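Have a look at the structure below, then the notes.
2 protein chains.
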Amino acid sequence: MAETAAKKQPAAPKEATGPTGPKEPGRRERKKAATRKALSDAALELFLERGFDKVTVAQIAERADTAVTTLFAHFPGGKEALILGDGSERAASLAAAVRERGAGESVLDALEEFFAGRGIFSEDQDHAYRKQVEFVTSTPKLRAYARQLWVSCEEPLAKVMAEEAGRPEGDLSLRVLARFVLEIPDLASLEPHPRRALETVFEHLRRGWPDV
Amino acid sequence: MAETAAKKQPAAPKEATGPTGPKEPGRRERKKAATRKALSDAALELFLERGFDKVTVAQIAERADTAVTTLFAHFPGGKEALILGDGSERAASLAAAVRERGAGESVLDALEEFFAGRGIFSEDQDHAYRKQVEFVTSTPKLRAYARQLWVSCEEPLAKVMAEEAGRPEGDLSLRVLARFVLEIPDLASLEPHPRRALETVFEHLRRGWPDV
DNA sequence: TACGAAACCGCAATCGCTACAGTTTTGGAT
DNA sequence: ATCCAAAACTGTAGCGATTGCGGTTTCGTA
Numbered sequence: 041m042a043e044t045a046a047k048k049q050p051a052a053p054k055e056a057t058g059p060t061g062p063k064e065p066g067r068r069e070r071k072k073a074a075t076r077k078a079l080s081d082a083a084l085e086l087f088l089e090r091g092f093d094k095v096t097v098a099q100i101a102e103r104a105d106t107a108v109t110t111l112f113a114h115f116p117g118g119k120e121a122l123i124l125g126d127g128s129e130r131a132a133s134l135a136a137a138v139r140e141r142g143a144g145e146s147v148l149d150a151l152e153e154f155f156a157g158r159g160i161f162s163e164d165q166d167h168a169y170r171k172q173v174e175f176v177t178s179t180p181k182l183r184a185y186a187r188q189l190w191v192s193c194e195e196p197l198a199k200v201m202a203e204e205a206g207r208p209e210g211d212l213s214l215r216v217l218a219r220f221v222l223e224i225p226d227l228a229s230l231e232p233h234p235r236r237a238l239e240t241v242f243e244h245l246r247r248g249w250p251d252v
Numbered sequence: 041m042a043e044t045a046a047k048k049q050p051a052a053p054k055e056a057t058g059p060t061g062p063k064e065p066g067r068r069e070r071k072k073a074a075t076r077k078a079l080s081d082a083a084l085e086l087f088l089e090r091g092f093d094k095v096t097v098a099q100i101a102e103r104a105d106t107a108v109t110t111l112f113a114h115f116p117g118g119k120e121a122l123i124l125g126d127g128s129e130r131a132a133s134l135a136a137a138v139r140e141r142g143a144g145e146s147v148l149d150a151l152e153e154f155f156a157g158r159g160i161f162s163e164d165q166d167h168a169y170r171k172q173v174e175f176v177t178s179t180p181k182l183r184a185y186a187r188q189l190w191v192s193c194e195e196p197l198a199k200v201m202a203e204e205a206g207r208p209e210g211d212l213s214l215r216v217l218a219r220f221v222l223e224i225p226d227l228a229s230l231e232p233h234p235r236r237a238l239e240t241v242f243e244h245l246r247r248g249w250p251d252v
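From first to last, the protein sequence lines are chains A and B.
The working numbering applies: residue 41 is where the first sequence begins, and numbers increase by one.
The working numbering applies: residue 41 is where the second sequence begins, and numbers increase by one.
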């Protein structure tokens, strides 16, 4: 489970690190991952069948053959988290994209590039995934949750940008920029051509923050 | 009850339009308004006493001496609507501020001015009101709801801006600008000096959208 | 004054979510 | 091989928001 990312492993099972490589989850972790997957799979199926609001957590747990309490143990974020996860890696990958950008590349260029390779913006993608994305954007509660996942990266993103731009950590102007950038996925998800929207927004942002 | 604003009055009671002026609500409307006020007053009191999450709708209805169902009849928006209303006039006043701006004034100037005179941004205000605003911004659920009220003005605002700027109604660039503008209250509510934040953001927006 | 609509009321039910207490499984220590 | 503590899972109970429903009261008006 790639949850909070920064939590101390409980004496990480030392399983005989044999020829299989240095990372073999061990039965316990494997089973846990299996139930987790069973839950989110069941959720996705049911949601696509009947629509988000027409499915109860009880039904999801039912189909996944688990108790409702188990569902919430795995997804404290509730129904929407079953599909969208908890976004625990977003902030990190976002920060990485900025920090490890190509030499001479601006921070905004790096961010545009980062988004361009993701979800709605990426051109090619397999059918099932596209359908899922479309489902999310057409379900208000899910869109709202997805947006929140992005916006919760505001602080981290603002911080990296401040570092990279050599400005004080709490810099207001950069916090605003971070927010605007993170608003893009939600903003663009409504557009018929998200990719174009992405480009348009970044054009304006570059003009507005010429030195970032 | 200044609700949806654009709803046909049910054969508006024709009460003897005497010397009292052309608009006397009539007993029924008066009572309705009274219960509504009783409800939101009760809610505000209880919220400030115990905190938003520590108050149940039952308790609010109780203190207002109404049934719970009545509460929901008046505030379909739920608990948060008890304090923040349903924002039914926001879009209109926003549009008006843009449309009726001073001659030679830019759309963005008008918007900055509009916000400058409101809630968090306005310097002077009576104590109780300030306390309420602070309460809202410090309660996540209320902040989220308040933000949503602003963002739901996106379409209308984008539309007026398009008209004023002589651009096609669906103009992407302006829709983005509308969103960013409407994000400001939420963004600034976190800042120690919201007014400064307001100015800073508009500086960037003017640079980013030079011809608006 | 009588009628119909509007506002209110109380009740039952659904649904998301949490708390609890008990059971099973697993990994590692002895 | 054996044992123990933590982790994962389970069912039950319960809280609180929200909705639907049928019935009652209160108004405004014809």
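Where a beta carbon is used, it is the ideal one built from N, C-alpha and C, also for glycine.
In this text the structure is predicted, and so the values were computed from the model without any measurement.
Can you tell me the Cα-Cα spacing of residue i and residue j, whole angstroms?
i      : j      : result
T75/A  : F161/A : 31 Å
G61/A  : R70/A  : Unreliable positioning characterises G61/A in this predicted model, as indicated by a pLDDT of 41, which lies under 50. The coordinate reading is nonetheless provided below. Approximately 16 Å, taken between the alpha carbons.
E102/B : A113/B : 15 Å
K181/A : T96/A  : 14 Å
L222/A : F242/B : 18 Å
E195/A : E85/B  : 33 Å
S128/B : E231/A : 25 Å
D164/A : A156/A : 11 Å
A257/A : A150/A : As shown, chain A starts at 41 and ends at 252. That puts residue 257/A outside it, with no answer to give.
D226/B : P65/A  : 43 Å
D81/B  : K94/A  : 35 Å
V200/B : T240/B : 24 Å
A98/B  : T109/B : 10 Å
P116/B : A186/B : 15 Å
G125/A : L189/A : 9 Å
R235/A : R141/A : 21 Å
R170/A : A218/B : 28 Å
S213/B : H244/A : 8 Å
F87/A  : D166/B : 49 Å
R183/B : E89/B  : 18 Å
P250/A : I100/B : 51 Å
A135/A : L197/A : 6 Å
V147/A : E204/A : 8 Å
A202/A : A168/B : 37 Å
A45/A  : A131/A : Below a pLDDT of 50, predicted positions are generally treated as unreliable, and A45/A, at 35, falls in that range; the measurement from the model is reported next regardless. Their Cα atoms are separated by approximately 11 Å.
F175/A : S192/B : 21 Å
E152/B : L238/A : 26 Å
V252/B : A143/B : 14 Å
Can you have a look at residue i and say buried or exposed, based on whether 16 or more other CB atoms are within 10 angstroms of its CB?
i      : result
E209/A : exposed
H233/B : exposed
G248/B : buried
T177/B : buried
R67/B  : exposed
A228/B : buried
S133/A : exposed
R139/A : exposed
A107/A : exposed
E145/A : exposed
A121/B : buried
R215/A : buried
Might you give, ordered along the chain, the residues of its own chain that have their beta carbon closer than 7 Å to the beta carbon of residue i, omitting 5 neighbours on each side?
i      : result
G159/B : V173
Could you pull out every residue in the same chain whose Cβ sits closer than 8 Å to the Cβ of residue i, ignoring the five residues on either side in sequence?
i     : result
G91/B : T179
For residue i, which residues of its own chain have a beta-carbon under 6 Å away from its beta-carbon, when the five flanking residues on both sides are left out?
i      : result
A104/B : A78, L79, A82
Q: Mind checking the segment 212-225 of chain B against chain A and listing, in chain order, the residues whose C-beta falls within less than 7 Å of any C-beta there?
A: Within the segment 212-225 of chain B, the qualifying residues are L212, S213, V216, R219, F220, E223.
**Q.** Under 7 Å (Cβ pairs) to chain A, residues found in the segment 108-133 of chain B
**A.** If the cut-off is 7 Å between Cβ atoms, the segment 108-133 of chain B has nothing near chain A.
Q) the segment 226-245 of chain B: which residues have C-beta closer than 8 Å to a C-beta of chain A, in chain order? A) Residues passing the 8 Å Cβ filter: L227, E231, R236, A237, T240, V241, H244, L245.
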